[in-house]
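Residue numbers (this note's numbering): 42 to 251.
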């Protein structure tokens with residue numbers, strides 16, 4: 042405001058901002074007071090203006106930081122996606138449920154180079170066991186423990202971008218009630234001299250009652 046007169050004047054100014062807007066708003070000079078109302082904030086300035094002088098109040102709302110934050114979030118999501126999908130990736134799926142159940146392990150080489158000697162391991166609870174029929178590759182090793190059964194496949198070579206499917210049937214050893222959760226499968230291999238492990242998702246089975 043401008044004082045074109047010959048005497049000093051006392052003046053005031055006010056503006057309102059929504060709660061979201063005030064996060065990105067700066068003031069120059071700072072307001073004399075802030076009054077919070079329902080959903081908004083009211084800012085007031087009290088000031089005097091000398092004759093032939095002006096008093097400037099700058100209220101600037103800048104959403105660029107929000108834009109930069111959004112871009113940073115997208116970049117972070119992109120790199121997390123690359124990280125999660127880089128390497129020998131294992132996806133676990135239920136192909137069929139019921140009295141005879143089938144599980145499939147999809148193994149894909151996303152390293153960008155061929156990889157050798159990939160060990161694929163899946164774990165089954167003690168209450169179920171694999172049938173003797175294997176639709177694709179038979180496990181190289183079956184280990185029985187007190188509370189679980191470990192199936193291991195040795196994949197000697199995976200080309201760049203190659204996908205391999207390992208599937209097997211499950212037969213319950215007892216009457217199952219409700220869903221049965223199977224733990225993630227694991228792919229283990231060596232890359233650049235380091236021992237690397239990638240885990241799949243877990244799956245749930247819903248056997249039918251007899």
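Cβ atoms here follow ideal geometry from the backbone N, Cα and C, with glycine treated the same way.
Discussion item. So, for residue 96: in the same chain, excluding its five sequence neighbours on each side, which residues have a beta-carbon less than 6 Å away from its beta-carbon?
Written reply: Taking C-beta separations shorter than 6 Å and ignoring five residues to either side along the sequence, the partners of residue 96 in its chain run 42, 88 and 90, following chain order.
Worksheet item: Quick check: the region 156-166 against the region 183-198, are there 3 or more CB pairs under 8 Å?
Response: Taking 8 Å as the limit for Cβ pairs, the verdict is that the region 183-198 does touch the region 156-166.
Practice prompt. For residue 208, collect the residues of the same chain with a Cβ closer than 8 Å to its Cβ; drop the 5 residues on either side in sequence, then sort them by chain order.
Written response: Excluding residues within five positions, the ones whose Cβ falls inside 8 Å are 136, 143, 144, 145, 146, 175, 176 and 177.
Practice prompt. Could you say if the region 50-58 and the region 105-112 meet the contact criterion of at least three C-beta pairs nearer than 8 Å?
Written response: Three or more Cβ pairs closer than 8 Å define a contact, and the region 50-58 falls short of that threshold against the region 105-112.
Worksheet item: Which of helix, strand or coil does DSSP assign to residue 186?
Response: DSSP places residue 186 in the coil class of the three-state scheme, outside both helix and strand.
Worksheet item: Counting Cβ pairs closer than 8 Å, one from the region 180-195 and one from the region 161-171, do we hit at least three?
Response: Result yes; three or more Cβ-Cβ pairs closer than 8 Å.
Discussion item. Between which two residues does the beta strand (DSSP E) holding residue 65 run?
Written reply: From DSSP, residue 65 is part of no beta strand (DSSP E); its letter is neither H nor E.
Practice prompt. Run through the region 103-137 for me and flag every whole beta strand (DSSP E) of 3 or more residues, listed as ranges in chain order.
Written response: Runs of the beta strand (DSSP E) inside the region 103-137: 129-137.
Worksheet item: Between which two residues does the beta strand (DSSP E) harbouring residue 53 extend?
Response: Bounds of the beta strand (DSSP E) holding residue 53 are 50-59.
Worksheet item: Hey, how far is the Cα of residue 166 from the Cα of residue 111?
Response: Residue 166 and residue 111: Cα-Cα distance of roughly 43 Å.
Fill in: Simplified DSSP state of residue 205, which is helix, strand or coil
Three-state result, residue 205: strand.
Worksheet item: How would you call residue 223, buried or exposed, if buried means at least 16 neighbouring beta carbons within 10 angstroms?
Response: Here residue 223 is buried, its C-beta having at least 16 other C-beta atoms within 10 Å.
Fill in: Within 9 Å, strictly: CB atoms of residue 240 and residue 219
The Cβ-Cβ distance between residue 240 and residue 219 does not fall below 9 Å.
Worksheet entry | Neighbourhood of residue 242 by C-beta, 8 Å cutoff - its chain only, sequence neighbours within 5 removed | Beyond the five residues adjoining it in sequence on each side, residue 242 comes within less than 8 Å, by CB distance, of 132, 133 and 225 in the same chain, given in chain order.
Worksheet entry | Contact belief for residue 93 with residue 44 at Cβ below 8 Å, rounded distance in angstroms | The Cβ separation is near 7 Å, so the contact holds.
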